[in-house]
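Here this note's numbering is used: the first residue of the sequence shown is 111, the next is one more, and so on. Every residue gets a Cβ at the ideal spot worked out from N, C-alpha and C, and that includes glycine. In this text the structure is predicted, and so the values were computed from the model without any measurement. Below you'll find the structure, written out as C-alpha cells, and then a few comments.
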Amino acid sequence: MSADTFRSVEIERTSMGQYVVRNSRGGSMSMGTGEDGSFTPVELLLAAIGGCTAVDVDYITSRRAEPTEFSVEVTGDKIRDETGGNRMENLTVAFTVTFPAGEDGDKAREALPRALQQSHDRLCTVSRTVELGTPVSTSVAAGSHED
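Structure follows, in C-alpha cells:
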C-alpha cells in the first residue's frame with residue numbers, strides 16, 4: 111500500500127472509558143463514552159460522514175462564491191437488536207447553505223445539488239465505505255499481553 115493512500119489513527123487509553131485519538135500530523139482529540147464532553151465513537155462516525163461530504167461540497171461550490179452560511183447536521187438512530195447487533199440506521203446529512211446574491215452566488219447555488227450528488231455517489235470516502243459495507247478486521251498485537 112502506498113504512503114499516499116494509507117490512513118491511520120492511534121488511540122491511547124487515558125482512563126476507564128477515556129481515550130486520546132492522534133493522527134500522524136500531530137492532531138489529537140478526546141474520545142469517550144459520553145460521560146463528559148468528549149466525542150463518542152458514534153458521534154465521530156456521524157462527524158466523519160458529514161465532514162467528508164462538507165469538504166467535497168465546500169470545495170466545489172466555494173470556487174464559485176463564498177457561502178454566507180454553511181452548516182451540516184448529521185443524524186441517525188442507534189439501534190440494538192438480536193439480528194444485526196448495535197448499529198446506526200436512518201443516517202441523514204442535512205445541509206444549510208446560503209450564497210450571496212448575484213451571478214457568482216447563482217453559480218454556486220446551481221452547483222450545490224450536483225456537488226451533493228457527486229459527494230454521495232463517488233467522492234466521499236467515508237459515506238461510500240459505510241454504504242458499501244466494507245469489512246473490518248480486528249487483531250491483538252504480539253506481546254501485548256502479560257504472561
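If you draw a straight line from the alpha carbon of residue 114 to that of residue 204, how long is it in whole angstroms?
Mapped onto the sequence shown, residue 114 falls at position 4. Mapped onto the sequence shown, residue 204 falls at position 94. One C-alpha to the other measures close to 31 Å.
Nearest to residue 117 (by Cα), restricted to the options 123, 133, 125
Within the sequence shown, residue 117 is the residue found at index 7, counting from 1. With distances taken between Cα atoms, residue 117 lies closest to 133.
Just mark residue 123 as buried or exposed, buried being the case when its beta carbon has 16 or more other beta carbons within 10 Å.
Translated into the one-based positions of the sequence shown, residue 123 becomes position 13. Flag for residue 123 reads exposed.
Inspect the beta-carbon positions of residue 179 and residue 143 and report whether they are closer than 8 Å.
To locate residue 179, count along the sequence shown from 1; it is residue 69. To locate residue 143, count along the sequence shown from 1; it is residue 33. Result no, Cβ atoms of residue 179 and residue 143 do not sit closer than 8 Å.
Assuming residue 228 contacts residue 166 under a Cβ cut-off of 8 Å, what Cβ separation, rounded to an integer in Å, is found between them?
Locating residue 228 in the sequence shown gives position 118, counting from the first residue. Locating residue 166 in the sequence shown gives position 56, counting from the first residue. Their Cβ separation, rounded to whole angstroms, is 7 Å, which keeps residue 228 and residue 166 in contact under 8 Å.
Which runs of the beta strand (DSSP E) fall wholly inside the segment 163–220 and span at least 3 residues, in chain order?
179–189, 197–208
Any idea if residue 250 is buried or exposed, counting beta-carbon neighbours within 10 angstroms, 16 or more meaning buried?
Looking up residue 250 in the sequence shown gives position 140. Residue 250 comes out exposed.
So, under 8 Å CB-CB, residue 141 and residue 152 are touching, yes? Tell me the CB distance rounded to an integer number of Å.
Start at 1 with the first residue of the sequence shown, and residue 141 comes out as number 31. Start at 1 with the first residue of the sequence shown, and residue 152 comes out as number 42. About 11 Å; that fails the 8 Å criterion.
Residue 235 (DSSP reduced to helix, strand or coil)
Taking the first residue of the sequence shown as 1, we reach residue 235 at position 125. Here residue 235 sits in helix by DSSP.
Does the beta carbon of residue 181 fall short of 7 Å from some heavy atom of the ligand ZN?
In the structure on display, the ligand ZN does not appear, and there are no ligands present to speak of.
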